[in-house]
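**Student:** Numbering (my numbering), first residue to last: 17 to 353.
Glycine included, C-beta positions come from ideal geometry on N, C-alpha and C.
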Amino acid sequence: MKRGWLVIGMALALATAVVPQQTEMTAAAKALMSMLEPEQLKKIQLPFDSDERFNWYYIPRERQGLPLKQMTERQRTAAFLLLHVGLSPKGYNKAESIRSLEIVLHEIEQAARRDPELYYFTIFGDPSDRGTWGWRYEGHHISQHWTVVNGAAVSTTPAFFGANPAEVQSGARKGFRALPAEEDLGRALLDSLDGPQRQQAIINVTSPNDIVTTNARKAAIEGNAGLPAQSMTKAQQGLLMSLVENYATSAPDALAAARLAKVRAEGLADIHFAWMGSTKPGLDQGHYYRIQGKQFLIEYDDTQDHANHQHTVWRDFDGDFGLDVLAKHYEKDHARR
Numbered sequence: 017m018k019r020g021w022l023v024i025g026m027a028l029a030l031a032t033a034v035v036p037q038q039t040e041m042t043a044a045a046k047a048l049m050s051m052l053e054p055e056q057l058k059k060i061q062l063p064f065d066s067d068e069r070f071n072w073y074y075i076p077r078e079r080q081g082l083p084l085k086q087m088t089e090r091q092r093t094a095a096f097l098l099l100h101v102g103l104s105p106k107g108y109n110k111a112e113s114i115r116s117l118e119i120v121l122h123e124i125e126q127a128a129r130r131d132p133e134l135y136y137f138t139i140f141g142d143p144s145d146r147g148t149w150g151w152r153y154e155g156h157h158i159s160q161h162w163t164v165v166n167g168a169a170v171s172t173t174p175a176f177f178g179a180n181p182a183e184v185q186s187g188a189r190k191g192f193r194a195l196p197a198e199e200d201l202g203r204a205l206l207d208s209l210d211g212p213q214r215q216q217a218i219i220n221v222t223s224p225n226d227i228v229t230t231n232a233r234k235a236a237i238e239g240n241a242g243l244p245a246q247s248m249t250k251a252q253q254g255l256l257m258s259l260v261e262n263y264a265t266s267a268p269d270a271l272a273a274a275r276l277a278k279v280r281a282e283g284l285a286d287i288h289f290a291w292m293g294s295t296k297p298g299l300d301q302g303h304y305y306r307i308q309g310k311q312f313l314i315e316y317d318d319t320q321d322h323a324n325h326q327h328t329v330w331r332d333f334d335g336d337f338g339l340d341v342l343a344k345h346y347e348k349d350h351a352r353r
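In structure tokens, the structure reads:
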């Protein structure tokens, strides 16, 4: 593992040294594109204003972009270097753990669609430290998005991770969980609540079959049900923030800090924790929770496949795909003309 990180670090240093004026993300994207053949470039690159940028999925299906399956080893190394730049070490490990579950599913189902190489990179626009561009990494149970303006990543949402199985039930990897903290921290917060708090937090005894916002282009949930954070004890508020931080820190440090600063700026009165479904752990105990503020939404659902199939997402109500920042950027650019 240490040697792998050393190789990644050396490659990143080299990519940045070649074009020192460019950010790591821009340099990594350009390094990948420089290694591709013309036909591969046609697959991986789309216009920034392409409607495909908003067309995201977390189910196993064909996608627009260039899959790992169609890359050489050298190209894959460059692609994973870009992913290392876009995610924190923790986020990268989550992504790789989720991808590895395709092997488990293939052993169970013997289906061609269960393939850890069917994960796609897509670049929107021309990577540059001037202007706008973006990219996506997507496959079964992974849909991660980055929007870049003048060299800075201004948005990393929608940010979806899922796991099937949530806990491997048999074989050499029995007991393995790709997303343990997402469930364990949520349960810890629920279990810390007293009777009246639980009554307010549990908004339905039946859980939905998926995250409520699914893969909608714009996240929207009617109302803001559940227990407000201001009605929690200090210890419970600490558990709530630990849960939020677990999601936020899949992004690199600077981006995670920006996410958390926006959450804290909202204030406790506007952040609610809601639970639906069973409060017991185990198979066939479908459950769901969400943390909702004015600007952001975190959803977790585990109901499918006997409640052994997780879906999680971080959405920004106005900032998904960088739409809020892009609107300001275009307005400022227009004013200069």
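Below 8 Å CB to CB, which residues in the same chain sit around Tyr108 once its five sequence neighbours on both sides are set aside?
**Tutor:** Contacts found: Leu99, His100.
**Student:** With distances taken from CA atoms, which of Gln213, Gln252, Lys106, Leu256 is nearest Gly309?
**Tutor:** That would be Leu256, whose Cα lies nearest to the Cα of Gly309.
**Student:** Let me know if Glu133 comes out buried or exposed under the rule of 16 or more other beta-carbons within 10 Å of its beta-carbon.
**Tutor:** Exposed.
**Student:** Across the region 180-198 and the region 331-339, are there enough close Cβ pairs to call them in contact, namely three or more that are closer than 8 Å?
**Tutor:** Too few Cβ pairs lie closer than 8 Å, so no.
**Student:** Rounded to a whole number of angstroms, what is the C-alpha to C-alpha distance between Gly293 and Leu313?
**Tutor:** For Gly293 and Leu313, the distance between alpha carbons rounds to 19 Å.
**Student:** Could you tell me the distance, in whole angstroms, from the CA atom of Ile24 to the CA atom of Thr295?
**Tutor:** With a pLDDT of 42 at Ile24, under the threshold of 50, the modelled position of that residue is not reliable, and no figure is offered here.
**Student:** Starting from Ala273 and walking both ways along the alpha helix (DSSP H), at which residues does that stretch end?
**Tutor:** Run containing Ala273: 269-282, per the alpha helix (DSSP H) assignment.
**Student:** Strictly by DSSP, which residues pair up with Thr39?
**Tutor:** Thr39 is not bridged to any residue.
**Student:** For the region 77-87 against the region 134-153, do three or more pairs of beta-carbon atoms, one drawn from each stretch, fall closer than 8 Å, so that the two count as touching?
**Tutor:** The region 77-87 vs the region 134-153: in contact.
**Student:** Going straight from the alpha carbon of Ala95 to that of His122, what length do you get?
**Tutor:** When rounded, the distance between both Cα atoms is 24 Å.
**Student:** When we look at the beta-carbon of Trp21 and count the other beta-carbons within 10 Å, is it buried (16 or more) or exposed?
**Tutor:** Reliability of the predicted coordinates at Trp21 is poor, the pLDDT of 41 falling under 50, and the value obtained from them is presented with this limitation in mind. Trp21 is exposed by the Cβ-count criterion.
**Student:** List the DSSP bridge partners of Gln61.
**Tutor:** BP columns for Gln61 point to Ile139.
**Student:** Among the residues of its own chain, which have a CB less than 8 Å from the CB of Ala217, if the five just before and after it don't count?
**Tutor:** Closer than 8 Å at the Cβ level, and outside the excluded window around Ala217, lie Leu206, Leu209, Gly242, Leu243, Phe289, Ala290, Trp291.
**Student:** What is the DSSP secondary structure of Phe96, reduced to helix, strand or coil?
**Tutor:** Three-state DSSP puts Phe96 in a helix.
**Student:** Span of the alpha helix (DSSP H) holding Tyr108?
**Tutor:** Element bounds for Tyr108: 105-125.
**Student:** Give the DSSP-derived three-state secondary structure of Met292 in the structure shown.
**Tutor:** Here Met292 sits in strand by DSSP.
**Student:** Quick check: the region 265-280 against the region 186-198, are at least 3 beta-carbon pairs closer than 8 Å?
**Tutor:** Too few Cβ pairs lie closer than 8 Å, so no.
**Student:** At 3 residues or longer, and completely inside the region 172-227: list those beta strand (DSSP E) runs for me, N to C.
**Tutor:** For the region 172-227, whole beta strand (DSSP E) runs of length 3 or above, ordered along the chain, are 175-179, 218-220.
**Student:** Residues bridged to Leu82 by DSSP?
**Tutor:** Answer by DSSP bridge pairing, in chain order: Phe137.
**Student:** Kindly indicate which three-state DSSP category Asp318 falls into: helix, strand or coil?
**Tutor:** Strand.
**Student:** Identify the continuous beta strand (DSSP E) that holds Glu154 and give its terminal residues.
**Tutor:** That run of the beta strand (DSSP E) goes 148-155.
**Student:** Tell me which residue opens and which closes the alpha helix (DSSP H) that Tyr263 is part of.
**Tutor:** Element bounds for Tyr263: 250-264.
**Student:** Check whether the Cβ atoms of Asp226 and Thr319 lie closer than 9 Å to each other.
**Tutor:** Yes, Cβ-Cβ distance for Asp226 and Thr319 is below 9 Å.
**Student:** When the Cα atoms are used, what is the spatial distance from Ala169 to Ala274?
**Tutor:** Looking at the two C-alpha atoms, the distance is approximately 11 Å.
**Student:** Restricting to Cα atoms, I'd like to know which of Arg152, Thr148, Ala235, Ile158 is closest to Gly167.
**Tutor:** With distances taken between Cα atoms, Gly167 lies closest to Thr148.
**Student:** Per DSSP, which residues does Ile287 bridge with? Please list them.
**Tutor:** Beta-bridge pairing links Ile287 to no other residue.
**Student:** Out of Gly102, Gly338, Tyr135, which one is the CA nearest neighbour of Ser116?
**Tutor:** The shortest Cα separation from Ser116 among Gly102, Gly338, Tyr135 belongs to Tyr135.
**Student:** Out of Asn240, Leu195, Thr163, state which residue places its alpha-carbon closest to the alpha-carbon of Phe177.
**Tutor:** Ranking the options by Cα distance to Phe177, first place goes to Leu195.
**Student:** On the three-state DSSP scale, how would you describe Arg90?
**Tutor:** Three-state DSSP puts Arg90 in a helix.
**Student:** Can you list, in chain order, the residues of its chain whose CB lies under 8 Å from that of Gln285, leaving out five sequence neighbours each side?
**Tutor:** This sequence places Ala at residue 285; Gln is not what is there. Correct list, in chain order: Pro244, Ala245, Gln246.
**Student:** Who are Leu330's beta bridge partners in DSSP?
**Tutor:** Sequence inspection shows Trp at residue 330; the Leu mentioned does not correspond to that position. Paired residues: Ala175, Ile314.
**Student:** Would you tell me roughly how many angstroms separate the C-alpha atoms of Glu315 and Asp300, rounded to the nearest one?
**Tutor:** If you take the alpha carbons of Glu315 and Asp300, they lie about 19 Å apart.
**Student:** Is it the case that the CB of Val120 approaches a heavy atom of the ligand SAM more closely than 8 Å?
**Tutor:** No copy of the ligand SAM occurs in the structure displayed, which carries no ligand at all.
**Student:** Among all the DSSP beta bridges, which residues are the ones paired with Arg306?
**Tutor:** DSSP, once it has assigned bridges, lists Ala290, Glu315 as partnering Arg306.
**Student:** How far does the beta strand (DSSP E) with His325 in it extend, from its first residue to its last?
**Tutor:** No beta strand (DSSP E) holds His325; DSSP gives it neither H nor E.
**Student:** With distances taken between CB atoms, is the gap from His14 to His327 smaller than 9 Å?
**Tutor:** Nothing can be reported for residue 14: it is not among the residues displayed for the chain, which extend from 17 to 353.
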